[in-house]
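Peer 1:
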Ligand code: SF4
């Protein structure tokens, strides 16, 4: 006991600080949960920077809280992607169309797709069996470089080859979340669009959302008639 005495103030201080840190984390977690629940219900994001930093920093705790309060893991991931898109929106709009690219996963194509894989991804024939052909055509009219890709290695290769400053990435939830985070690390402005249905074949993209994002920052006179409705 006598040996511990000189250190008691330090031990007490460390103990108090630990309790304070744990308390701050738990309170922050609950604040983030309330903001996230509000975002899910209303579609509005409040304090996006704080939310994104908090959700990523406290990812383990936040996922546990989400589950505890009846939310799905997918709700957590969707909020991360939406936050990232919200924060990137202004910067994305400032990038000229010639420096933007779109990555479309090949799982969106029809099972009967007649296209073949080339060095830069699938060469879509716009056969009409799936919506990829029409989507690609409209995006190319806007001026985008469009890639229909079978995997993330193609994305890395095309980024190295063409150095886009901004990208639109379409895919399943986990792919989009990881893609958006990876892009942030390499200074590329990424906007992620999560598929409406997942799986390995004949998945469904949220094309309305793709086009809404694609026209951001583009002069309305350069937007084709079919896409005017997506201008905000
Ligand atoms: S539209 Fe393109 S991607 Fe879709 S099935 Fe036809 S060739 Fe394949």
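Residue numbers (the working numbering): 130 to 361.
Ideal placement from N, C-alpha and C gives every residue a C-beta, glycine not left out.
Since the model is a prediction, treat every value here as computed from it, not as a measurement.
1. Need the endpoints of the alpha helix (DSSP H) that residue 311 sits in, please.
2. Straight-line CA distance for residue 346 to residue 309?
3. Among the residues of its own chain, which have a CB less than 7 angstroms from the CB of residue 290, if the five just before and after it don't count?
4. Can we count residue 267 as close to the ligand SF4, meaning its CB is less than 6 angstroms from some heavy atom?
5. Keeping to the same chain, check which residues put their C-beta closer than 8 angstroms to that of residue 212; ignore five residues upstream and five downstream.
6. Per DSSP, which one or two residues make a beta bridge with residue 278?
7. Would you tell me roughly how many angstroms separate the C-alpha atoms of residue 247 and residue 283, rounded to the nearest one?
8. Pick out whichever of 226, 335, 159, 194 has its Cα sitting closest to the Cα of residue 260.
9. What do you reckon, is the C-beta of residue 326 under 6 angstroms from a heavy atom of the ligand SF4?
10. What does the shell around the ligand SF4 hold, if a residue joins when its beta-carbon is under 5 angstroms from any heavy atom?
11. Which first and last residues belong to the alpha helix (DSSP H) in which residue 222 is found?
12. From what residue to what residue does the beta strand (DSSP E) around residue 252 run?
13. Is the stretch 256-271 close to the stretch 224-243, with three or more CB pairs under 8 angstroms?
14. List the DSSP bridge partners of residue 229.
15. Note the first and the last residue of the continuous alpha helix (DSSP H) segment covering residue 319.
16. DSSP state of residue 153, grouped into three classes?
17. Contact defined as beta carbons within less than 8 angstroms: I believe residue 297 pairs with residue 343. What is the distance between those atoms, to the nearest angstrom?
18. Regarding residue 162 and the ligand COA, is the C-beta to nearest heavy atom distance less than 6 angstroms?
19. Along the chain, where does the beta strand (DSSP E) containing residue 246 start, and where does it finish?
20. What residue from 314, 225, 250 has the CA that sits closest to residue 273's CA?
Peer 2: Per the coordinate set shown:
1. 302-314
2. 20 angstroms
3. none
4. no
5. 174, 177, 180, 181, 184
6. 234
7. 11 angstroms
8. 335
9. no
10. 238, 239, 242, 244, 253, 254, 256, 258, 259, 261, 262
11. 202-223
12. 250-252
13. yes
14. 295
15. Counting along the chain, residue 319 falls outside any alpha helix (DSSP H), though it belongs to the beta strand (DSSP E) covering 318-323.
16. helix
17. 6 angstroms
18. What this structure holds is the ligand SF4, not the ligand COA.
19. 245-247
20. 225
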